[in-house]
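Working notes, beginning with the structure itself.
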Amino acid sequence: VKDELDIDLQKQIMAAFDSNTKLLEHLVNALFTGTLSTNYSDPSGPSDAEVEAVGSICAFLHVMFSTLPLDVTMTALAYRTDIVPALWNFIKRCHENQRWPYFSKYISPLPVDAPGWLLPVSVFCPIYKYMLKIVDNEEFYEQEKPLSLKDLKALVLILKQALWQLLWIIPSHTSPSQKALPNPLGLKKMSIDSLKSQARIGLSELLTQLQDWNSRLPFTAESDFYSQEATSENFVSQAILGNTRASEIIKLAPFLAPFTIRVKIFTSQLANSKQSTASHSALTRHRFKIRRSRLLEDAFDQLSLLSEEDLKGPIRVSFVNEHGVEEAGIDGGGIFKDFMENITRAAFDVQYGLFKETVDHVLYPNPGSGLVHEQHLQYFQFLGSLLGKAMYEGILVDLPFATFFLSKLKEKSNFLNDLPSLDPELYRHLLFLKHYKGDLSDLELYFVIVNNEYGEQNEEELLPGGREMRVTNQNVITFIHLVANHRLNYQIRGQGRHFLRGFQKLIPKEWIDMFNEHEIQLLISGSLESLDIDDLRLNTNYSGGYHP
1 VKDELDIDLQ
11 KQIMAAFDSN
21 TKLLEHLVNA
31 LFTGTLSTNY
41 SDPSGPSDAE
51 VEAVGSICAF
61 LHVMFSTLPL
71 DVTMTALAYR
81 TDIVPALWNF
91 IKRCHENQRW
101 PYFSKYISPL
111 PVDAPGWLLP
121 VSVFCPIYKY
131 MLKIVDNEEF
141 YEQEKPLSLK
151 DLKALVLILK
161 QALWQLLWII
171 PSHTSPSQKA
181 LPNPLGLKKM
191 SIDSLKSQAR
201 IGLSELLTQL
211 QDWNSRLPFT
221 AESDFYSQEA
231 TSENFVSQAI
241 LGNTRASEII
251 KLAPFLAPFT
261 IRVKIFTSQL
271 ANSKQSTASH
281 SALTRHRFKI
291 RRSRLLEDAF
301 DQLSLLSEED
311 LKGPIRVSFV
321 NEHGVEEAGI
331 DGGGIFKDFM
341 ENITRAAFDV
351 QYGLFKETVD
361 HVLYPNPGSG
371 LVHEQHLQYF
381 QFLGSLLGKA
391 MYEGILVDLP
401 FATFFLSKLK
411 EKSNFLNDLP
421 SLDPELYRHL
431 LFLKHYKGDL
441 SDLELYFVIV
451 NNEYGEQNEE
461 ELLPGGREMR
471 VTNQNVITFI
481 HLVANHRLNY
491 QIRGQGRHFL
501 RGFQKLIPKE
511 WIDMFNEHEI
521 QLLISGSLES
531 LDIDDLRLNT
541 NYSGGYHP
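Numbering (our numbering), first residue to last: 1 to 548.
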């Protein structure tokens with residue numbers, strides 16, 4: 001009978017939270033109010049009452065994360081409670097006093113050497129990560145909400161140290177003799193290994209997002225994300241070797257290693273790939289005649305037929321001029337490089353209709369490309385393989401891509417803070433709604449969006465039944481998220497998928513995931529910062545009447 005009552009009680013509690021997120025908000029705020037401060041006013045370590053409050057709410061939320069609908073739960077916690085600044089204040093004080101509580105009451109079995117930050121960090125990270133999806137630039141950099149820029153620097157250093165400890169010093173291992181903590185609601189058990197797993201993922205994802213923010217406008221040194229141990233020769237050799245703890249760290253948390261280290265690993269992966277396909281390349285020689293007047297069309301017709309192995313091998317090109325005469329010259333690599341530079345310039349030209357340019361003059365797929373080219377998706381796959389081939393061969397091409405498009409190479413979604421580059425007017429409109437002080441239902445907005453491509457307008461629902469769903473103060477965050485998602489992800493989903501399909505024929509996801517979007521742009525186009533002008537001037541020989 002007791003088990004049946006427990007199950008029935010569990011269902012009632014879950015239903016109450018699921019149908020009314022205000023109950024969750026009130027419970028969290030009630031546990032913190034009067035116990036935990038959101039301001040850093042007391043530099044001493046936390047009191048017993050604070051430890052009890054943090055332990056109780058974090059243990060409860062750890063279970064809720066795997067029980068309730070995540071979006072609803074995270075929206076309520078991130079935007080309608082003070083849990084992020086409160087937990088950060090607790091974590092910061094524990095770190096500065098080097099005194100972490102022992103949450104043995106909530107975690108079972110708890111080894112003596114288990115880090116005390118494990119429980120609060122495993123809850124703090126996913127909530128703050130979710131909050132950063134909808135935080136705008138003004139809040140983050142100017143209002144410094146919910147955390148100050150000074151605190152963000154400290155946060156990066158604390159979280160980096162915690163993640164390195166989990167990944168390198170105390171990696172996860174599950175013992176058959178371990179028993180999970182009994183849970184009063186009969187929900188998913190909270191074991192030390194489940195906490196470690198959640199903490200590893202949460203720490204990695206939050207630090208990745210913070211690095212993205214830092215790439216837009218730095219609030220701390222890039223080196224603050226690096227672990228000094230990840231620069232050692234031993235670490236690098238292990239990472240290159242593969243199937244080692246170092247290589248696993250590069251997969252989960254590549255930002256722990258400096259960019260130059262990751263480029264070494266990437267270069268080694270390219271060399272290994274070329275070596276493994278060398279025997280196939282020796283047996284097959286691909287030579288194509290390309291008319292300069294129909295550069296893109298000829299290249300598409302011929303190169304798009306190549307297999308993945310053929311694309312990785314040498315490709316020889318000869319140009320045919322406007323008179324139909326093949327141009328003289330033997331392609332030892334230079335002509336192919338010239339071909340790559342010319343074809344990428346032509347294919348990605350906005351006049352061709354496959355790509356558009358943002359107000360910042362960076363490129364992204366044209367959502368209306370299907371209205372311009374019947375075979376537009378096949379062309380996107382071809383262009384993806386072209387960009388992959390350029391990176392595979394180490395050919396730099398002058399193609400400045402929008403960050404929100406480069407994220408598609410990593411199969412990542414984009415969020416509100418990526419919108420200003422694409423549509424600054426829409427971004428300002430969404431911020432107006434986000435900070436609106438009145439009753440939003442008076443504005444008579446609904447969960448729909450109007451698409452406008454080449455003069456053709458059509459209305460799309462953001463959710464099923466969106467035409468009848470009014471935007472209110474309660475659901476405005478969801479509305480903003482859906483609008484940003486539609487413009488940044490949904491509208492170019494087909495183009496992005498096909499481009500990625502071609503790109504991954506040469507550059508696997510595992511390789512590109514080592515880099516963030518700004519670093520990928522460096523791999524594509526290089527950087528002027530690496531060009532030593534003084535050295536170039538000293539070592540340049542002038543002729544033909546030219547002089548310095």
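Even glycine gets a Cβ: it sits at the ideal position worked out from N, Cα and C.
Treat the numbers as computed from the prediction; the structure is a model and nothing was measured.
Check each candidate in Lys92, Glu411 and Ile477 and name the one with the smallest Cα separation from Tyr490.
Looking at the Cα atoms, Glu411 is the closest of the given residues.
Which same chain residues end up closer than 7 angstroms to Lys356 when comparing Cβ atoms and leaving out the 5 residues on each side of it in sequence?
A distance below 7 angstroms between beta-carbons, with the five flanking residues on each side excluded, links Lys356 to the following residues of its chain, in chain order: Val350, Tyr364 and Asn366.
Helix, strand or coil for Arg435? Go by DSSP, reduced to three states.
With the sequence shown as reference, residue 435 is identified as His, and Arg is not the correct amino acid for it. Under the three-state reduction of DSSP, His435 is assigned to coil, being neither helix nor strand.
What did DSSP end up calling Ser413 once you bin it into helix, strand or coil?
Correct three-state label for Ser413: coil.
Check His286 in the structure and name its three-state DSSP category.
Taken through DSSP and simplified to helix, strand or coil, His286 comes out as strand.
I need the boundaries of the beta strand (DSSP E) containing Gln457, first residue and last residue.
Counting along the chain, Gln457 sits inside the beta strand (DSSP E) bounded by residues Glu456 to Glu461.
Paired residues, beta bridge with Asn451 - DSSP
For Asn451, DSSP records a beta bridge to Asn458.
What number of angstroms, rounded off, separates the C-alpha of Leu482 from the C-alpha of Tyr436?
Going by the C-alpha atoms only, they are around 18 angstroms apart.
Look up Pro85 in the DSSP assignment and give the residues it is bridged to.
Listed as beta-bridge partners of Pro85 by DSSP are no residues whatsoever.
Beta-carbon gap between Tyr427 and Gly368 smaller than 7 angstroms
With respect to the 7 angstroms criterion, Tyr427 and Gly368 are not classified as neighbours on the basis of their beta carbons.
Assuming contact is defined by CB atoms lying nearer than 7 angstroms, are Ala253 and Ala246 in contact in what I supplied?
No, they are not a contact pair.
Collapsed DSSP secondary structure at Leu314 in the structure displayed
It is Pro, not Leu, that sits at residue 314 in the sequence shown. DSSP places Pro314 in coil when its eight states are reduced to three.
Identify which residue in Phe319, Leu270, Tyr446 and Ser232 has its Cα closest to the Cα of Arg291.
In terms of CA proximity to Arg291, Phe319 leads the group Phe319, Leu270, Tyr446 and Ser232.
Nearest to Asp82 by CA position, among Phe124, Ser191, Asn516 and Gln143, is which residue?
Per the Cα distances, Phe124.
Assigned secondary structure, Tyr446 (DSSP; H/G/I helix, E/B strand, else coil):
DSSP places Tyr446 in strand when its eight states are reduced to three.
Of all the options Val263, Asn272, Gly55 and His486, which has the alpha carbon lying nearest to the alpha carbon of Leu422?
Closest by C-alpha distance to Leu422, out of Val263, Asn272, Gly55 and His486, is His486.
Beta-bridge partners of Phe319, as assigned by DSSP:
Phe319 is bridged to Ile290.
Looking at Pro126: is its Cβ nearer than 7 angstroms to the Cβ of Gly116?
No, they are not a contact pair.
Is Arg200 buried or exposed, if buried means 16 or more other CB atoms sit within 10 Å of its CB?
By the beta-carbon neighbour count (other beta carbons within 10 angstroms, threshold 16), Arg200 is buried.
DSSP state of Pro365, grouped into three classes?
Assignment of Pro365 by DSSP, reduced to helix, strand and coil, places it in the strand class.
Bridge partner(s) assigned by DSSP for Glu326
In the DSSP secondary-structure assignment, Glu326 is bridged to Val320.
Between the region 82-91 and the region 143-152, do three or more beta carbon pairs fall short of 8 angstroms?
The region 82-91 vs the region 143-152: in contact.
Exposure of Gln275, with buried meaning 16 or more beta-carbon neighbours within 10 Å
Under a 10 Å Cβ-count criterion, Gln275 is classified as exposed, with fewer than 16 other Cβ atoms of the shown protein chains found around its own Cβ.
Name the DSSP bridge partner or partners of Lys356?
Beta-bridge pairing links Lys356 to Tyr364.
Can you tell me the Cβ-Cβ gap for Leu27 and Ala53, rounded? I've got them flagged as a contact below 8 angstroms.
Actually they do not touch by this definition, with Cβ atoms about 12 angstroms apart.
Whole-number beta carbon distance between Glu50 and Phe259, since they are thought to touch under 8 angstroms
40 angstroms between Cβ atoms; not a contact.
Where Arg470 falls: helix, strand or coil (DSSP):
Reduced to three states, the DSSP call for Arg470 is strand.
Given Ala154 as reference, the closest of Leu118, Glu25 and Phe219 once Cα atoms are compared:
Among Leu118, Glu25 and Phe219, the Cα nearest to that of Ala154 is on Phe219.
With distances taken from CA atoms, which of Ala390, Asn475, Ile480 and Glu308 is nearest Asn414?
The candidate whose alpha carbon is nearest that of Asn414 is Ile480.
Can the beta-carbon of Gln381 be found less than 7 angstroms from the beta-carbon of Gly502?
With respect to the 7 angstroms criterion, Gln381 and Gly502 are classified as neighbours on the basis of their beta carbons.
Residues near Ala390 in its chain [Cβ-Cβ closer than 8 angstroms; skip 5 each side]
Here the set comprises Met340, Thr344, Leu396, Val397 and Ile524.
Determine the closest residue to Pro420 out of Thr472, Gly465 and Val362, with distance taken between C-alpha atoms.
Taking each of Thr472, Gly465 and Val362 in turn and checking the Cα distance to Pro420, the smallest one comes out for Val362.
I need the straight-line Cα distance from Tyr79 to Leu431, nearest angstrom please.
Approximately 15 angstroms, taken between the alpha carbons.
Residues sharing a beta bridge with Phe401, DSSP
DSSP, once it has assigned bridges, lists Leu363 as partnering Phe401.
CA-CA distance, Arg287 and Val448?
Rounded to whole angstroms, Arg287 and Val448 show a C-alpha spacing of 51 angstroms.
Got a sec? Which residues, its chain only, sit under 6 angstroms from Ser304 by beta carbon, not counting five neighbours each side?
Cβ within range, chain order: Phe382.
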